[in-house]
Every structure is written in structure tokens, then in C-alpha cells.
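S.K.: In the numbering used here, the protein residues as written are 18 to 436. From the three backbone atoms N, C-alpha and C, an ideal C-beta is built for every residue, glycine too. This structure is a prediction, so every number in the text was calculated from the model and none was measured.
#1: I'd like to know whether the C-beta atoms of residue 5 and residue 265 end up nearer to each other than 8 Å.
#2: Residue 269 and residue 177 - do their beta-carbons sit closer together than 8 Å?
#3: Is DSSP giving residue 424 helix, strand or coil here?
#4: Would you mind stating whether residue 308 and residue 322 have Cβ atoms separated by less than 8 Å?
#5: Put residue 318 into one of helix, strand or coil per three-state DSSP.
#6: With burial defined as no fewer than 16 other Cβ atoms inside 10 Å of the residue's Cβ, what is the status of residue 217: buried or exposed?
#7: Exposed or buried, what is residue 183 when buried is set at 16 or more other beta-carbons lying within 10 Å of its beta-carbon?
#8: Report the rounded CA-to-CA distance for residue 315 versus residue 154, giving the unit in angstroms.
#9: Would you check whether the ligand NAP has a heavy atom nearer than 7 Å to the C-beta of residue 176?
#10: Among residues of its own chain, excluding the 5 on either side of residue 458, which ones have a beta-carbon nearer than 6 Å to its beta-carbon?
#11: Ignoring anything shorter than 4 residues or poking outside the segment 188 to 238, list the alpha helix (DSSP H) runs there in chain order.
#12: For residue 203 and residue 197, what's the separation of their Cα atoms in angstroms?
#13: What is the DSSP secondary structure of residue 61, reduced to helix, strand or coil?
#14: List the DSSP bridge partners of residue 406.
#15: Assuming residue 170 is part of the alpha helix (DSSP H), what are its boundary residues?
#16: Express the C-alpha separation of residue 390 and residue 381 in angstroms, rounding to a whole number.
#17: Tell me which same chain residues have a C-beta within less than 8 Å of the C-beta of residue 64, skipping the five on either side of it?
#18: On the CB-based measure, 16 or more other CB atoms within 10 Å of its CB, does residue 109 come out buried or exposed?
#19: Would you mind reading off the limits of the alpha helix (DSSP H) that contains residue 379?
#20: Whole angstroms is fine: what's the gap from residue 61's alpha carbon to residue 191's?
#21: Does the segment 140 to 152 come close enough to the segment 111 to 123 that 3 or more CB-CB pairs lie under 8 Å?
#22: With three or more C-beta pairs closer than 8 Å as the rule, is the segment 99 to 109 touching the segment 67 to 82?
#23: On a CA-only basis, which of 398, 396 and 422 is nearest residue 407? Give me that one, please.
#24: Counting only beta-carbon atoms, is residue 342 nearer than 8 Å to chain B?
#25: In this structure, how does DSSP classify residue 94 when only helix, strand and coil are distinguished?
#26: Taking Cβ to Cβ, would you say residue 88 is nearer than 8 Å to residue 156?
#27: Evaluate contact between the segment 220 to 229 and the segment 204 to 212, counting only Cβ atoms and requiring at least three cross-stretch pairs below 8 Å.
#28: Check residue 340 in the structure and name its three-state DSSP category.
#29: Can you give the Cα-Cα distance for residue 2 and residue 275, rounded to whole angstroms?
#30: So residue 133 is in the alpha helix (DSSP H); what residue range does that whole segment cover?
#31: In three-state DSSP terms, what is residue 79?
#32: When the distance is taken between beta carbons, is residue 206 closer than 8 Å to residue 195?
#33: To the nearest angstrom, how far is the alpha carbon of residue 185 from that of residue 179?
#34: By the DSSP assignment, the alpha helix (DSSP H) with residue 290 in it spans what residues?
#35: Buried or exposed: residue 293, going by 16 or more other Cβ atoms within 10 Å of its Cβ?
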């Protein structure tokens, strides 16, 4: 009779052989998932680095309600950071912007003796917005992730339905879809396998149902389609099973079509606001600024106009545009088919950027010349005057007309058309 140790050694070798037979498949999924989390999108990687650097300086306790909400967003965005790190980074960002503004205002006060209260107020508003922007970054990253993943929903259901029509096996159908889909939905499907392999869920159905719950409230048609696919496994009639699979594909197509129609109607008002803020307001503002400057007795300075029209308005237009784009529904067919085009390299080339820079940079310098000539350090260094007449530049018919025409104020300073 074999001893206990011999039996353990015999079956231990047999189990080890089985593990070696199935090991490469298990390791492939886990390695791909880890590689995916390491090779995040650029904005996600930068945000993760900032949270790991600044978010660990101080541990801030977050309420349980906010912790659950932020952690859910981080899980959707596949970020290995905590809710405390998110709040810490938001607070540090707000304080950095506010105190940076205060230090600049103090430096200006020591240089020319004027206290820039409006500049401090704008810095306070900017710090509040930076806090909100940093605090809501996990939500935007989660929406961006969902948007990229939802663009592959229709192909995902199509691959699963095609495979299930041939072979009624849910595990192999999801594996087939994960091999042919693009990221990130393909890696989400592999994560479904990953959770089963590590023992988090006993069956592929439970793991899939748990994953589908993350789309609750965002893509209900995707959940309904998969539930129909799961129900086809219990049908005994072949014709009925195929009919249910075709119904699953029809549900996802109708759902995406309806969401796109609702989105096209809902963005009319936001697009009008963007148009008014980005085009109408700057045009009317520049036309009314001389009158406003005269009524306010020169209270509007050039740096106020610069901050409002070159910083605040463009930033809000960019933010509003990004919010509108992030709310668009998925399933619009984003794919890498364009990369198969032989002329695709023209779209990725940096040459148009270089040509555009060479064209616009001289125009930018010309537009900044009035401000450059007001910098006494540069004009004294180069031996230039603050302003020139056309006669001095060799244009005799305009005679003594000045180029910039800066006006002299009673205190001896010069001012442009807006004071």
C-alpha cells in the first residue's frame, strides 16, 4: 500500500501538470489587465502621478457618502488611488493658486505701490474653480472611460450574438468578443474573466452581471441586451434561441439610436450658450469697452481686458465645450478603421502645426508690439522710443500721425485707447 507521502506526491505532480496546462491562459489575462492599468491614457497617468505625489502629504478624512461616490468613479476609471488622495490634491491645488495670486499681488505692491484687489479677487475665484475642477476629475475620467468603452457596445453585442448563434456557450462568446474588440471594452471583458480566475466570483455569469451593474443608469440597453443573451441559454428550441439573440442585437441598436436623437435635441441650448459666450460677448464687449472706460473714468485697464478676453472667456468656452462632448452617448462607432487608410500619416503628422505656427507667430508679434514698446527695459536696452510717427518710418503722406498713438495722462504716464 502506498504511503500518505507517496499519494500526496503523486497527486501533487498531477495537479501541478494541470496548473501548467492552464497557467498560460490565466497569466495572459492577468498580465494584460496589469499592463492595461499601467498604460493608462495620458491624462489619467498624469492625474495618478499628481495624486500619488501630493495626495499622500496629508491624510484628509472624507465622509462615508463622498468616499463611496468618489471610489465608484475611480473604479470605473480604473485608477488605483483613494478618495482621500483626490480630496487632498484638490485642496492643495486650491491653496497653491490662491497663495500664488496673493504673492504676486504683494510683489506688485512692493514694485509700484498699488494693491491689486481685483487681481486677488480673480485669484480667489480661480482657486475655487481649480478646487472644483480637481475634485470632479474622477467623474470626468469615469465619463471619458465610459464614452470610449460605450463606442464598442454595438460590436460587442454583435460578436457575442454571432458566436452564440454558432455555439451556445457564454464563456467562449465573451472570450471571442474580448479578442476582437478594441480597448477599453475588450480589457473590461478580460477583467470579467480575471475576476473568475482569481476566485472573486464563482461563475462567469455572476462576474458579468456584476460588471453590467456599472452601466446601470448610463447604458440600460447594453444591460438588457446581455440579459437577453443570458436568457437564450435556457431555451430548448433552437429557433426560439436564435430569435432571442437577434432581439438582443435589435435592442442595443434601437437604444443607441434613441439616445443619439435625445442628445441632438438636448445640446441646442448649451451650444447657444457657447456661441453667445465665445463669439457674441467678445465682439460686443470690445465694441462697448471704450464707452465703459470713459464712464468709469479709466478704471478699466489693459490688464483687465487681457485677463477677461484672453484667459477667463476662452477657459470657460473650453470647459463648456468639454462638458457638452462628455455628455454625448456612446455607441457612435469610434474605431481604429481610419488607421488602415494609406493616407492616415497625414492626419498624425506635425507638419500642419509647424506651418500654422510659422504663419501665426509673426502676426502674434505684430499684435503684441504696442505692449512690447511699453516695456521700458526693452526699449532702453535696444535704444528705441515708446512710439514712432509714420514720417520717422519713411511714410511721408501720414506725416506726424503716430503708430500706436498712446495718450498722455495728467500723471505723466501713457495709456492706450482703453485707459
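M.R.: On the basis of the coordinates in this document:
#1: No information on residue 5 is available, as it lies outside the stretch 18 to 436 that the chain covers here.
#2: no
#3: strand
#4: no
#5: coil
#6: exposed
#7: exposed
#8: 40 Å
#9: The ligand NAP is absent from the structure shown, which contains no ligands of any kind.
#10: Residue 458 is absent from the structure shown; the chain starts at 18 and stops at 436.
#11: 202 to 214 and 221 to 229
#12: 8 Å
#13: Low per-residue confidence applies at residue 61: pLDDT is 49, beneath 50, and the placement is therefore not dependable enough to give any value.
#14: 419
#15: 170 to 183
#16: 14 Å
#17: 96, 154 and 158
#18: buried
#19: 368 to 389
#20: Because the pLDDT at residue 61 is just 49, under 50, the model does not fix this residue reliably, and the value given afterwards should be weighed accordingly. Distance between the alpha carbons of residue 61 and residue 191 is about 27 Å.
#21: yes
#22: yes
#23: 422
#24: Here chain B cannot be found, since the structure has a single protein chain.
#25: coil
#26: no
#27: yes
#28: helix
#29: The structure shown has nothing for residue 2, since the chain only spans 18 to 436.
#30: First-last for residue 133: undefined, no H or E at that position.
#31: coil
#32: yes
#33: 10 Å
#34: 285 to 292
#35: exposed
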